[in-house]
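Residue numbers (this note's numbering): 551 to 847.
Glycine included, each C-beta is placed from N, C-alpha and C at the ideal position.
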Amino acid sequence: MPLPAYGLEAHGLRITLRASRPLPHLGFHGSWARGVLGHALFRAVCPHPEPRCAGCGLQGGCAWAQGFKPTVLPGCQRLPGYLVHRVYLDEGSPQAVVDLILIGQMAREAGSWISGLIRFLPSLDLAGTGPGQLLQVSDLSSGAMLFSAGRLRSGASLTPLNPSPPRGEVLTLTLHNPLVTKHAGGDPLWPALRTRLQRLVNDFGNGQRLPQDLPWHVVAASLHTVTIPRGTDTRRPITGLKGTLRLIDVTSSGRDLLAAGTLLHAGAEAVMGFGTFSWREADADSPLSPQPPGTQS
C-alpha cells in the first residue's frame, strides 16, 4: 500500500523531552506521552481553559478539535490525524524520545505543536515526575533539526514518510505493543490492519477500496494477552495481543499493507501507540519464538 497511491500523506516528528526526575518504568508509555502532547497542543491553539468545542465558532479550523480529538465535534466520526508511534527511554533516565506521526493536513500544525511544547511543557506533568522541558525536535523522515538549543531552526520543513515494503514471501511479525482488536482466531492482524487502513484512506485519502482478498497465510503463532492498566490518559484498562506471527505466501499487496501498518499501526487505540509491529524475512522452517520489545513502548 504505497501511501501516495491512496491519497494518504504522513509526516513525523521525533520529539526529545526531559522530565524533572527519572521517568518511572511503566511498561507502556504511550498513554502519558499522548496526554502531554495533547495538552501542549490544546493550550497552544485554544482560547478557553477547558474544551468547549461543541459550541465554539473556531472549531472548523482548530488543530486540537479537528486533528487531535475530532470526536468532540458534533456528528464527527473521523479518526484523529496523528498517533504516538514509539516512545524510547532508558530505565532510570529523565529523558524520553517520542515519535509522533502526523496524517494528512495535521502536518500543517507541526509548528503550532512544537510551539505549544516549548511554551507549556514546563507547566505539564510528565508521568508523575513533575514539569518537563523540550530538548529538541527533528523531522522523522530526513532527520533535519526543527528545534534545538532553545530555538527554532529557520528554513526547516517536513519530508513525507513512505515506508519500504518487505521483499520476501515468508515473514515473521512481532507485535511489540498490544494489538487491540475484537477479531479472534488464528490471524487477528489482517482484519484489524485492513479496517484501520481503510478508515484512514476514507478519512484522509482518496477513499479507494483496499484489497479484500487474504494477502497471506498464518502458519504459526505465539501470542499472549496483555492488559495495560489505567494510565494518565485512559480511564480503563486496555487489553490486546502481543507476540509473533509467521506468515507465508505474502502477496505484493500484502507486503504493501504491512509496510503501511508499520507506520500507521493496526487495530484500535493506535493514537496512544497500540498496534505497533515490525517484520523480518524468515526461513519457513526456522523456529518461532516471541521477541522482547526492548526499550520501545
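Item, Value
"Determine the DSSP secondary structure at L795, reduced to helix, strand or coil.", "strand"
"What number of angstroms, rounded off, separates the C-alpha of G682 from the C-alpha of L639?", "15 Å"
"Which complete beta strand (DSSP E) runs does the stretch 615–640 hold, if anything under 3 residues is left out?", "632–639"
"Give the straight-line distance between the Cα atoms of A615 and L813, rounded to the nearest whole angstrom.", "23 Å"
"Let's test the definition: count the other Cβ atoms within 10 Å of the Cβ of F827 and tell me whether it reaches 16, buried, or not, exposed.", "buried"
"Is the beta carbon of V687 closer than 8 Å to that of Y573?", "Reading the sequence as shown, one finds Leu at residue 573 and not Tyr. No; because the gap between Cβ atoms is not below 8 Å, this pair is not in contact."
"If the criterion is Cβ atoms closer than 8 Å, does the pair W829 and D799 meet it?", "no"
"Compute the beta-carbon to beta-carbon distance between H579 and A646, rounded to the nearest angstrom, for a pair I have assumed lies under 8 Å.", "7 Å"
"Let me make sure I understand the geometry here. Which of S643, L696 and L676 has the alpha-carbon closest to that of G705?", "L696"
"Rounded to a whole number of angstroms, what is the C-alpha to C-alpha distance between A734 and L764?", "16 Å"
"If we count the other Cβ atoms within 10 Å of its Cβ and call it buried at 16 or more, is H774 buried or exposed?", "exposed"
"Alpha carbon to alpha carbon, how far is N756 from L558?", "8 Å"
"Can you tell me whether DSSP reads W766 as helix, strand or coil?", "coil"
"In three-state DSSP terms, what is E831?", "strand"
"Would the beta-carbon of L807 fall within 8 Å of that of L747?", "yes"
"Measure the C-alpha to C-alpha separation of S662 and S772 and round it to an integer number of angstroms.", "42 Å"
"From E719 to R805, what distance separates their C-alpha atoms?", "8 Å"
"Would you list, in sequence order, the uninterrupted beta strand (DSSP E) runs of no fewer than 3 residues that lie entirely inside the stretch 675–716?", "682–689 and 695–698"
"Whole angstroms are fine: how far does the CA of L629 sit from the CA of L750?", "7 Å"
"What are the start and end residues of the beta strand (DSSP E) that includes P728?", "L721 to L729"
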